[in-house]
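Protein chains in written order, with this note's numbering: chain U, 369 to 731; chain E, 369 to 731; chain W, 369 to 731; chain R, 369 to 731; chain B, 369 to 731. Every residue gets a Cβ at the ideal spot worked out from N, C-alpha and C, and that includes glycine.
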Amino acid sequence: MVKRKLHRKRASAGAPPGTLVADPLSSPTAMDYITYDETGCTENASAEVGGLAKVVGKRAVTWINVVGLADIALIEALGKQFDLHRLALEDVINVHQRPKLEEYGAHLFIVTRMAADPASRETEQVSMFLCKGLLITFQERPGDVFEPVRERLRRGGGQIRKLGADYLAYALIDAVIDGYFPVLERRGEEVEHLEDLVVKKPRETLLSVIHETKRDLLDLRRAVWPQREMLSALMREEGDFIEDRTKIYLRDCYDHVIQLIDIIETYREICSGLVETYLSSLSNRMNEIMKVLTIMATVFIPLSFIAGLYGMNFDPRVSPWNMPELGWKYGYPYALTLMAAVAGGLMWWFWRRGWIGGSGDHD
Amino acid sequence: MVKRKLHRKRASAGAPPGTLVADPLSSPTAMDYITYDETGCTENASAEVGGLAKVVGKRAVTWINVVGLADIALIEALGKQFDLHRLALEDVINVHQRPKLEEYGAHLFIVTRMAADPASRETEQVSMFLCKGLLITFQERPGDVFEPVRERLRRGGGQIRKLGADYLAYALIDAVIDGYFPVLERRGEEVEHLEDLVVKKPRETLLSVIHETKRDLLDLRRAVWPQREMLSALMREEGDFIEDRTKIYLRDCYDHVIQLIDIIETYREICSGLVETYLSSLSNRMNEIMKVLTIMATVFIPLSFIAGLYGMNFDPRVSPWNMPELGWKYGYPYALTLMAAVAGGLMWWFWRRGWIGGSGDHD
Amino acid sequence: MVKRKLHRKRASAGAPPGTLVADPLSSPTAMDYITYDETGCTENASAEVGGLAKVVGKRAVTWINVVGLADIALIEALGKQFDLHRLALEDVINVHQRPKLEEYGAHLFIVTRMAADPASRETEQVSMFLCKGLLITFQERPGDVFEPVRERLRRGGGQIRKLGADYLAYALIDAVIDGYFPVLERRGEEVEHLEDLVVKKPRETLLSVIHETKRDLLDLRRAVWPQREMLSALMREEGDFIEDRTKIYLRDCYDHVIQLIDIIETYREICSGLVETYLSSLSNRMNEIMKVLTIMATVFIPLSFIAGLYGMNFDPRVSPWNMPELGWKYGYPYALTLMAAVAGGLMWWFWRRGWIGGSGDHD
Amino acid sequence: MVKRKLHRKRASAGAPPGTLVADPLSSPTAMDYITYDETGCTENASAEVGGLAKVVGKRAVTWINVVGLADIALIEALGKQFDLHRLALEDVINVHQRPKLEEYGAHLFIVTRMAADPASRETEQVSMFLCKGLLITFQERPGDVFEPVRERLRRGGGQIRKLGADYLAYALIDAVIDGYFPVLERRGEEVEHLEDLVVKKPRETLLSVIHETKRDLLDLRRAVWPQREMLSALMREEGDFIEDRTKIYLRDCYDHVIQLIDIIETYREICSGLVETYLSSLSNRMNEIMKVLTIMATVFIPLSFIAGLYGMNFDPRVSPWNMPELGWKYGYPYALTLMAAVAGGLMWWFWRRGWIGGSGDHD
Amino acid sequence: MVKRKLHRKRASAGAPPGTLVADPLSSPTAMDYITYDETGCTENASAEVGGLAKVVGKRAVTWINVVGLADIALIEALGKQFDLHRLALEDVINVHQRPKLEEYGAHLFIVTRMAADPASRETEQVSMFLCKGLLITFQERPGDVFEPVRERLRRGGGQIRKLGADYLAYALIDAVIDGYFPVLERRGEEVEHLEDLVVKKPRETLLSVIHETKRDLLDLRRAVWPQREMLSALMREEGDFIEDRTKIYLRDCYDHVIQLIDIIETYREICSGLVETYLSSLSNRMNEIMKVLTIMATVFIPLSFIAGLYGMNFDPRVSPWNMPELGWKYGYPYALTLMAAVAGGLMWWFWRRGWIGGSGDHD
């Protein structure tokens, strides 16, 4: 659980910056592109770097999407072809970047984190290079939240085909942000389940589960929070990569990130409350246990004492002062009655204090 | 309790921005308007979009109020007629926005949250489009806090009919802020009730109730806090939508929001104190229980021992060393006296320690 | 305790801003003025609005002081006469404002909060209108901290009569700030008393008292903290209401507010420590109780067992294996010695663990 | 402990600002000066105000040092002679100022706090007036950390005699800051001692001591933290009191203050951890006590039951079903064996759970 | 553990600034240099100050590296030769500086902290003087993380030999930052181990270990956090020491520092959770112990009472009311059955409450 947090930033510490070394666990690389303008849209599901030169620039906007980061050669070739900065490419490969925006002369470099699968607790890095008329995106694994955007590009409805690569970048980021809502829904259900458990069955392991959930929420927060800064930086961007009308859309997207953060914070607050509730339920259990012990012990201890008293062997034959009760006609009934009276009195006292027979004081 | 926090931002994730899809649970839509200037005030309780063109502009200010968000067509028609931005309209429909101010070229878009019903724990989104001489407001449900403003418009007293749409917007926001005070009064009563309970009847479920209340206060804070930023943005607004003399009134309104936040924070602080008090009352209960057990056990254990001692069967006939007390004339009274002395001594010791007979040490 | 925090901002929610409605609990209104310049000082302890026109402007500075806010007509007449803004007047009447500075064209409006009576937990709003050569102040109730300032005006020593209305405003604010020191002294004594109690007599109700005190300190903080901003705004004031040489005095006053806040924060920190100490003293009490129970039970349980052992009825006549001790000559002394040895051994063990006979381990 | 925090700012509340009233507990006043330039250094250990006029200005820099604040007349005369602002002089007398920098036209007024004696928990106010070629310092009591600076002035080594009064002021502030390091060393030893105690002998009073130490650290923080702002203000000072090359030295001094704050924060953090450790050690003690009780009770309760069983008086003569064990030949050994087996079994079970015989589970 | 935090800033408090006094524990000093340009690279593993004049300036960049700070004379000679500011040299010697950037006229002075050995809990100060074409670095001890940079300089691959001293400084800082990742990996393993222990074997000493780890993390945070500011200052540097293209690399480095801080914060959060888990595991243990006691006591107390009851000595011969059970034919079996029934009933009740036989309620 701890281990997953720690990632070396670079394959070999001290290597020169911009060294690209594939993570051996990377998915195999595939590349596709969609190129479009107002009049139409061409798609190629398995593109080659060699063929891109002919494609880019033909239509108004081209979106090249690389899935899987195992093929360093392909990525380097892409970088060469479109003049992508080596440091940015290194960040593409080292997939534990925080969301950020970096301006290089020839392009904007945007890193975001996508929650493609609500069932998974991991987020996936999506890197984007935004140039004029060209958007290159890199994903870690197949499977993404971009299908609706592709659909809109294919259908050509709305304004997506009329606007530039910056609007496409916005649409993708917006899809990424939207993708967190089902994830939070799932976390919300988990938190709700914990709320039930903490009241009904406060097991010893529950606290670890709560802390686990808190940590998941912290991870989510770490993935979402910097997107806010990234979007804010995009909105303030002063080069000509982002058009003003796209900025209005980015502001909308920014609002959604704030909503996400609000929800995450609420869940975290609930989890903190759950810890308190759990600890107090331990105290309550203890009180329950102690009450049972105290009632049993307190009722029977005097009774046993009385029994012990009349089990003493003082010799009644020596003097009439020695345990005359033993010789009474109703000695035994008297002793039993005494015991019942004591027990009854104590029970009544416990009942009045609210320890037995329903809750609350009975004063 | 958790679920209510989570709301999808959009009907279908990935849909193009500006897509208006009605929430199936929306209230049916009704529209009314009030148009007024210094000389008079015309009202129409059930207006049609078609007829608005003739109305707007006749008098100095027109206020169009749409209640219920089910009729997307009407809202779209309004948007078309008055050139409202689609992203803003989307935010009107998706009613879980935080209060905010957004400037579009042709209008200001203001979102605020209204607590129309002090009994409810939900707040309702009120969206406003402020244009020159025109204010369009959208509410989620019938029932609002604007009636006194309408009254003032009808009566024509004061300056409300002399000033522009910006002053009307101020008056509505002010009414919204005012509407939180009765809500807080109610929450205050709840907190007070919890304070009573925590001292007098600290049940096991109380902690959940306290956390529930804390969460309600957090929700309120989430609804109120951004109004501060929204008002502050309105006061700094540099276009010509807000006149300077209105800004003085907005500053007044801003003060009230600060007061609201102060009260909410005080309540949250009290609730945190209540958790501590509750936990300590559990410890106190435990101490009480343990004290009872300890007193009973500690008093009777030596008595039972003495009883057991004289219940031993050593044969006094074998030697005079074997349990001679059994043959004493006052053996039994001696044993009883011994027991009484031990019990009395222990009781006295407990009394001196302040465990019985009133509180405090008796040294 | 909770209720006192909550105050409706306005008599009727939704009323037009600037509506003056007297709180029915207001003190009756009285008005006095002092007008002075370097050469002399005229005082009138019960002034009328009508007569003010002749007074103001005759001498360099006039200070009009209104005590009690019941007479709305008088306050409105004052407002008309000296052109005071209606919103500011509304804030004068609604006496739960935070300290603040508001600039209106014709005057500065200053709100501060005065702790006139160290015994009371309430602070009182003092509102000031600072015009050129004129200072109008409003207090809620008779009784204030301004007497030394009046004395200095009458005596004419120092520079107070040589300087303008801004210096007078400073002198009053300074007196208000000074007035908090005796209040804090009192709170300090309370905190000290709580420190004593928490160690010596940690009753169940103590936690509520600590929280009460924390809340009082929070109230004080709420009254004092915004005075810092108010003074800082006065020092930055760029109109010509405040002269530069007065600003040096305001800086001095600002320093004192910082000192007040430091003291309040220290007290709040101490109170938080007291809660921890209280909770740990509960645990310590529990440990004490448990120790007594454990020692008593642990010592007597084996003794009772031994007594029970020799109370068994196995028949020694059947075989020499059956309880031969009962027939021993020194059987009873042997049993008593065995008991004493067991008890002594256990006592020694408890003593070595530091449970009895002074504190600490005795290893 | 609480009281020491609270100091009236002024002898009589409401007195005019700049009123100098000596604290009756002030040390008697003495004055000395050192005047120096590159060529030499003249010292006078008991100077008179009257003679200063002839001294100041003769050599490049004069340092007048006033020790003890009882002699108001002398301080006022000094103020007159060198045109020191009355408000600043008031702050000199009222020795509970926070460190600060105030610019007056003719001089800078610097307040710092000195920890002259590592054994004391109090800090002492040092006030400085920095004019061109003249530095006047005021200390509360004899005894300071300036001796090394005086030595350097006398010896004339280094650059201290070549540079101006601003460098002298820096040298003194630097000595003041340096003086906190031995104080922190002492606090560090205390904290270390507490760490030992909390693990080895967690007495009931320990928590108060920890809180006391936390409060001492808070006091230190209050004395040190504002020095950071003061130094930062000195470095940004834009008049010509501070030369640029002195500012480099001040930056060095600023770094040391940051180091001090870091250390204080670390100690505070450790103290917070100690509270947790203390509370958990209470719980551990309780667990220990309960374990002893439980083991003793649990082992002996069944044994006592067996003993009680065979102490019953059912009459074996009535039927062979009635307590035939009593008549067995090996009845008593059988009973003893049964008891030993039960006790052994329970001991084994406790051992397996890790309650006895070393720590940890023995599964 | 506490002591290590506290370091005197200067050998003798009050010494003139810029006094260089070697720490007696310093490592002996050695000096080496590498001088390089695009065409080649010359290395000298044991250089003398005297020979440096001939070396520096021959090739584009020279890197002088001093290891061990015992030889003050050498350091002073270096300082003289290259005009290094005395205050900076003092900071080189006093090795407990926080990472920082200081601009002096002739050079930038950079302090960073290196974690050369992941096994150690100490970090080592690395000081750098960045001049035009010259970088002088000082380390405390032999052993560093710079070997890969030296390798790159020797191999001449990449761009390191083409760029200036600023790029070299970047490369070294980058190596320092990279060096923290293995340290964090180790800390992560420790935290993971603690997580295991806290659930499985919550010993009394564990809390101290957790606090120890928290403090180690705090130390790391103190070493890493200011590097962020230092890098940010380097990126904003407006002199001509840092070229623009190097700033892009520094931004990359800055990102890695942010990642480090994120990881440290996560570990600290986990540790805080561990404290809660530990405390709750104490409560759980207590509950377990109490449950055992309660079950044993509660089951056997009534049984013992029954045994005691029939051990009473009421004389059945006196009347048929006196303990007739003793004379019953099946009196003893009846008593045993009664006991078994009571014990069974209680066991069933405990089982239903989930106290025995697996977890959870059995209602």
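W/S640 is outside the set of residues whose beta carbon lies under 7 Å from a beta carbon in chain E.
Minimum Cα-Cα distance from U/L388 among the listed residues U/G425, U/V423, U/L442 corresponds to U/L442. Among the residues of the stretch 618-629 of chain R, those with a Cβ less than 8 Å away from any Cβ of chain B are R619, D620, D623, H624, I626, Q627, in the order of the chain. Listed along the chain, the chain R residues whose CB falls inside 7 Å of the CB of W/L677 are A675. DSSP places W/A543 in the helix class (H, G or I) of the three-state scheme. One Cα belongs to W/A487, the other to W/V551, and the distance between them is close to 7 Å.
Listed along chain E, no residue sits closer than 7 Å to U/N433 by beta-carbon distance, the nearest being about 16 Å off. Contact between the stretch 517-525 of chain U and the stretch 547-566 of chain U is not established, with fewer than three Cβ pairs separated by less than 8 Å. The distance from the Cβ of E/A675 to that of U/M680 is about 6 Å, consistent with a contact at the 8 Å cut-off. If you draw a straight line from the Cα of B/N690 to the Cα of B/G722, it is about 41 Å long. Bridge partners of W/C499 according to DSSP: W/L502.
Around R/I440, the same chain offers L388, A390 as residues with beta carbons nearer than 7 Å, after the five sequence neighbours per side are excluded. Across the stretch 640-655 of chain U, CB contacts with chain B closer than 8 Å involve V643, Y646, L647, L650, S651, R653, M654, in sequence order along the chain. When C-alpha distances from E/P688 are compared across W/L694, W/P684, W/S687, W/D683, the shortest belongs to W/L694. According to the DSSP assignment, E/K568 belongs to the alpha helix (DSSP H) that extends over 548-568. In this structure, U/R636 and U/K569 do not form a Cβ contact; the two beta carbons are roughly 23 Å apart against a cut-off of 8 Å.
Shown here, W/I432 sits in a strand according to DSSP, grouped into three states. Within the stretch 561-579 of chain W, those residues whose Cβ lies closer than 8 Å to any Cβ of chain R are, in chain order, E563, V567. Where U/Y404 is concerned, the enclosing beta strand (DSSP E) starts and stops at 398-405. Put simply, the stretch 469-476 of chain U does not touch the stretch 392-400 of chain U. Fewer than three CB pairs are less than 8 Å apart.
Looking at the DSSP output, R/R481 shares a beta bridge with R/Q493.
In chain order, I432, F497 place their CB closer than 6 Å to the CB of U/I504, counting only its own chain and leaving out the 5 sequence neighbours on each side. Interface flag for W/M658 against chain R is set, since a Cβ pair is found closer than 7 Å. Fully contained in the stretch 505-534 of chain W are the following alpha helix (DSSP H) runs of length 4 or more, in chain order: 515-523.
Judged by beta-carbon spacing, R/Y617 lies within the 7 Å limit of B/P385, meaning their Cβ atoms are closer than that value. The beta carbon of R/T662 falls within 7 Å of a beta carbon belonging to chain B, placing the residue at that interface. For B/V434, the closest C-alpha among the options B/R613, B/N655, B/I402 is that of B/I402. For B/I541, same chain residues with a beta-carbon under 7 Å away, outside a window of 5 residues either side, are T480, C621 in chain order.
At a cut-off of 7 Å between C-beta atoms, U/L671 counts as an interface residue with respect to chain B.
Excluding its 5 nearest sequence neighbours in each direction, W/E406 has C-beta neighbours in its own chain below 6 Å: R529, K530, listed in chain order. At a cut-off of 7 Å between C-beta atoms, R/F506 does not count as an interface residue with respect to chain W. With a threshold of 16 other beta carbon atoms within 10 Å, B/T634 meets it and is buried. The Cβ neighbour count for E/D564, taken over all protein chains shown within 10 Å, is under 16; the residue is labelled exposed. Scanning U/D587, U/G436, U/G418, U/G699 for the CA closest to the CA of U/P392 turns up U/G436.
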